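*Asks:* Have a look at the structure that comes next, please.
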Amino acid sequence: MLGAMSRRPSRLLGLALAAGLALATSPALAAGFPDFDAKREQILFGRVRPSDAAVPGKAETFGTFDDAGGTLQRAPGQAEPSTFWMAKGDAATIADGMVRFALVPGKRADMGLMVRAHAQAGWSSICGYEVTFEKNKVRLLRWDRGVAKPMGETETLARVGPTTSVEVVVYVVGPQIVATVYSSQKLEHLATLAAHDTTYADGRVGLRVGKLQEGGGLTLAAVMDTRRAARSGVGQRVPYGQLYAPSRAKDTTPFGPNRYAYVPKAQVGRLPEALRRKATGEHTPAGGEPQAVLAISPVEAELLRRTDVDVLRIDGTAAWGAFDAPYRAHKDAPPVPTKRGFALDRSYKNPRMVEDLLRAYHAKYPEITELTELGRSHGGRPIWALKISDNPKVAEDEPAVLFDATHHASELLATEFGLDVVAGLLEDYGRERRVTQWVDGMEIFCVPMVNPDGNHYFLETSMWMIRKNGLDVDRDGALDPFEGVDLNRNYPFGWGQEGGEPWFTSQHYRGPGAGSEPETKAMMALAEQQRFAAAISFHTIGRSIFVPYTVDASRSPDPNAAWTVAEEVAAAAPAQRRGKPYVVRPNGYPVAGSDQDWLMFEHGTVALLLEGPYHNPELPVRTETVANTRPVWQALLDRVADGPRISGHVRDEAGRPLEAEVVIDEVELRAGERWTSRPRDGRFDRLLARGGRYTVRAKAPGRRTVSQEVRVRDKPAVVDLVLPKA
């Protein structure tokens, strides 16, 4: 289930705006850094990466300037109070846009960075705007016919020394002028200057150096004029606007607060120490060389681009598997045999690993298992069910129980719970009396991975695939992290009510229609066939056991056997880590379209949803949590086998099974439920909250209604009903 995140776009927008406002008004926080855009920023002088060839720059000058290995400096021995360097060419003129400068202030700073500048009358009538550096001070100036006039406050650069490189980004849009100063080494915010001035609408980019300047100089000047940037972005037009590129697949800016950078693993040693420590992931493309994956901030991503390491790509998301070394080590390996089964605690599992394990268990225990493909996902991946029973090839006249897992893409621990059921039943069959009793007396179905597409995408492509399946909603041939359907909002009961959202970008997108998804259809078909007496759907995270109904508008049966059973199975488990037990809840927040609600409403299944106490923890915690959760599913099987329930059959006069509505008078159904017997054998199984006297009533079209009273103690009672023709 994974967290009760907001599903209201207005609320999300409000939170985002509030967060942005807090960021903007907090002087202790830097709001990021404007990355260098090589496609749209025209370098007039210098370079960004040390290994790049420096652009010498074309300019008109007043005074003499030297290019000292990529640093533009005022030549010594000049008497003029100020010398000027003005870039030439179409790119050197800016109206609205951004100008990026990098400079070293030197031992004593006396220089200015000019935008929208004009030089007239033999340089005596300089006009325009300047970001001026004087010693450790920075401020904005406006030049009017050779006279410099201050605009706004002066800022002190406390952490800037003589050899410190700083980067200045100046934005000019209409009369608004904003200059932001950063340290070049860490891209940390140092100062921001702003002014509103309506004097100059356009002009050139340049440099002024005063006679008091000692050392230092300009190392970069680059321009991005909005008109040229717009022309560079003529690309695909989509319903929501104009793209900057021919398609979304090209020139796409990463989203989110994090960046994941891929560099050749062999080059990691060349990174600065601070970035080298961030190389915690690994990815090897098919047929390619190993790549290191760095989990970094957007600012660190820009620092990385400025190193001499080959940056292969930078994304806003990465595969979980890139940072899970045990998974990478075992994902291509076959199951590892143990004395009675297979090792399950070596790593988390992808769809192929789950299939390999189910096939291996089926091959090892063919006499008590049957492996069935329930259906295929949008991506063509099979959804597997392993039936465990003493006569697996036969549809026996026994109660059926379902254990499923991984409705949600990122819930890897849920898969481990599901596989633990498989291992526990098969490896202890014939060795432990109660396990043998369960398998001999029931038909148990295990579906460890309901959502193989989502799991695969989460492990191999994007951790942003948190919940959903592989539906390519916009049908563009590429699955984006925000596409797909939340399968546990797609079941018909309650579909469309609060808790399932209609917009596909929501993590709780309910799908285009009730029961629309192939995974949902597969699970519903299995339930229709088996009419499960009880079920557990494994999820994370919450240390909770949820009881139907979770739709606020629907009233649960009274008494609600599911609540009683949930309390019993929760009590069977030991306290989880930190000493906290599983807690029984009606719902954590509105949920509509869940499998547990549909199972109860449609078939009377005591359907529980277990939220594990962790979300994909380290392997030692994974193993401990699986062991501590095992008593829950064991207690459910005990309850079905030996607890108070009414089971029986509805048949006609000739002994043929009937699908008839079966009602227990003492259990009030308050949501319009209509629970029927299983068509293949007329069987029904109803778990009860407690023992007592009950009246069982069966009715079917064209048949007389028949009832029978039964006394139920703390164990199952059997009632067989024959419905004669009306």
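For the sequence shown, my numbering begins at -19 and goes up steadily by one.
Here a beta-carbon is modelled for each residue, glycine too, at the ideal position from N, C-alpha and C.
Predicted model, so just to flag it, every value in this text is computed and none were measured.
Using the Cβ count rule (16 or more neighbours within 10 Å means buried), how would you classify S357?
*Replies:* Under this definition S357 is a buried residue.
*Asks:* Suppose contacts are defined by Cβ-Cβ distances below 8 Å. Is G480 in contact with R610 by that definition?
*Replies:* Taking 8 Å as the Cβ cut-off, G480 and R610 do not qualify as a contacting pair.
*Asks:* For the region 61 to 80 and the region 24 to 31, state whether three or more C-beta atom pairs, one from each stretch, are separated by less than 8 Å.
*Replies:* Touching, yes, given that three or more Cβ pairs across the two stretches are closer than 8 Å.
*Asks:* According to the Cβ coordinates, are D182 and A75 closer than 8 Å?
*Replies:* Going by C-beta atoms, D182 is nearer than 8 Å to A75.
*Asks:* When you compare the CB positions of A241 and V291, do they come within less than 8 Å of one another, or not?
*Replies:* Cβ distance < 8 Å, so A241 and V291 count as in contact.
*Asks:* May I have the straight-line CA-CA distance separating I424 from M504, to the nearest angstrom?
*Replies:* The alpha-carbon atoms of I424 and M504 are separated by roughly 16 Å.
*Asks:* In chain order, what residues of the same chain have a beta carbon less than 7 Å from the beta carbon of T520, not counting five sequence neighbours either side?
*Replies:* Closer than 7 Å at Cβ, skipping near neighbours: L(-18), E391, L393, A394, E591, G592, Y594 and H595.
*Asks:* For the candidate residues Q510, L599 and E463, whose alpha-carbon lies nearest to that of V491?
*Replies:* A quick correction: the sequence has Gly, not Val, at residue 491. The shortest Cα separation from G491 among Q510, L599 and E463 belongs to E463.
*Asks:* Under 8 Å between the Cβ atoms of V586 and A513?
*Replies:* Their beta carbons are under 8 Å apart, which means V586 touches A513 by this criterion.
*Asks:* Within its chain, find whatever has a CB closer than 7 Å to the CB of S687; leave out the 5 residues flanking it on each side and keep chain order.
*Replies:* Hits under 7 Å: T675, V676 and R677.
*Asks:* Measuring CA to CA, which of R332, Y569 and G154 is closest to D433?
*Replies:* Nearest C-alpha to D433: R332.
*Asks:* With a 10 Å radius around its C-beta and 16 neighbouring C-beta atoms as the bar for buried, classify V374 as buried or exposed.
*Replies:* With fewer than 16 other Cβ atoms within 10 Å, it is exposed.
*Asks:* Can R684 and L667 be called in contact, C-beta distance under 8 Å?
*Replies:* In this structure, L667 does not lie closer than 8 Å to R684 by Cβ.
*Asks:* If you draw a straight line from the C-alpha of D288 to the C-alpha of K166, how long is it?
*Replies:* Answer to the nearest angstrom: the Cα atoms are 16 Å apart.
*Asks:* Once you ignore the five residues that flank Q156 on each side, which residues in its own chain have a CB closer than 7 Å to its CB?
*Replies:* Excluding sequence neighbours, Q156 sits near H176.
*Asks:* Hey, quick one: how far does the beta strand (DSSP E) through R162 stretch, first residue to last?
*Replies:* Sequence inspection shows Tyr at residue 162; the Arg mentioned does not correspond to that position. Q156 to S163 is the extent of the beta strand (DSSP E) around Y162.
*Asks:* For E604, which residues in the same chain have their Cβ closer than 8 Å to its Cβ, ignoring the five residues on either side in sequence?
*Replies:* So the qualifying residues of the chain are R557.
*Asks:* Going by beta carbon distance, what residues of the same chain come within less than 6 Å of E689, once the five residues before and after it are set aside?
*Replies:* Correct list, in chain order: T675.
*Asks:* DSSP puts H519 in a beta bridge; with which residues?
*Replies:* Paired residues: E591.
*Asks:* Could you tell me the alpha carbon to alpha carbon distance between A97 and L137, rounded to whole angstroms?
*Replies:* Roughly 25 Å separates the two Cα atoms.
*Asks:* What residue range is occupied by the uninterrupted beta strand (DSSP E) comprising D295?
*Replies:* Counting along the chain, the beta strand (DSSP E) containing D295 begins and ends at R293 to D295.
*Asks:* In chain order, what residues of the same chain have a beta carbon less than 6 Å from the beta carbon of G296, not counting five sequence neighbours either side?
*Replies:* Within the same chain, G296 has close Cβ partners P234, F235 and G236.
*Asks:* Can you give me the C-alpha to C-alpha distance between T63 and R54, rounded to a whole angstrom?
*Replies:* Spanning the two alpha carbons is a distance of roughly 7 Å.
*Asks:* Just to confirm, are L451 and E497 a CB contact at a threshold of 8 Å?
*Replies:* A contact, by the Cβ cut-off of 8 Å.
*Asks:* Can you pull the DSSP bridge partners for K367?
*Replies:* BP columns for K367 point to E350 and F425.
*Asks:* Can Q487 and I446 be called in contact, C-beta distance under 8 Å?
*Replies:* Yes; because the gap between Cβ atoms is below 8 Å, this pair is in contact.
*Asks:* If the criterion is Cβ atoms closer than 8 Å, does the pair A159 and V153 meet it?
*Replies:* Result no, Cβ atoms of A159 and V153 do not sit closer than 8 Å.
*Asks:* What is the rounded straight-line gap between the Cα of K695 and the Cα of G261?
*Replies:* Each residue's Cα considered, the two are about 54 Å apart.
*Asks:* With C-beta atoms as the reference, is S145 less than 8 Å away from T199?
*Replies:* It is a contact, given that the beta carbons lie within the stated cut-off.
*Asks:* Buried or exposed: which applies to T179, given that a residue is buried once 16 or more other Cβ atoms fall within 10 Å of its Cβ?
*Replies:* Looking at its Cβ environment, which holds fewer than 16 other Cβ atoms inside 10 Å, T179 is exposed.
*Asks:* What residue range is occupied by the uninterrupted alpha helix (DSSP H) comprising K38?
*Replies:* It is not in any alpha helix (DSSP H) - K38 carries neither H nor E in the DSSP assignment.
*Asks:* Who are the Cβ neighbours of R691 in its own chain at under 6 Å, not counting the five residues just before and after it?
*Replies:* Closer than 6 Å at the Cβ level, and outside the excluded window around R691, lie R673.
*Asks:* Closest to A385 by C-alpha separation, out of P681, A305, L467 and I348, would be which residue?
*Replies:* Selected option, being the one with the closest Cα: L467.
*Asks:* On a Cα-Cα basis, can you pick out the residue from V601, D454, P600 and V427 that is closest to I516?
*Replies:* If we check each option's Cα against that of I516, V427 comes out closest.
*Asks:* Identify whether F322 lies in helix, strand or coil by the three-state DSSP scheme.
*Replies:* F322: strand per DSSP, three-state reduction.
*Asks:* Whole angstroms is fine: what's the gap from G268's alpha carbon to P597's?
*Replies:* Distance between the alpha carbons of G268 and P597 is about 30 Å.
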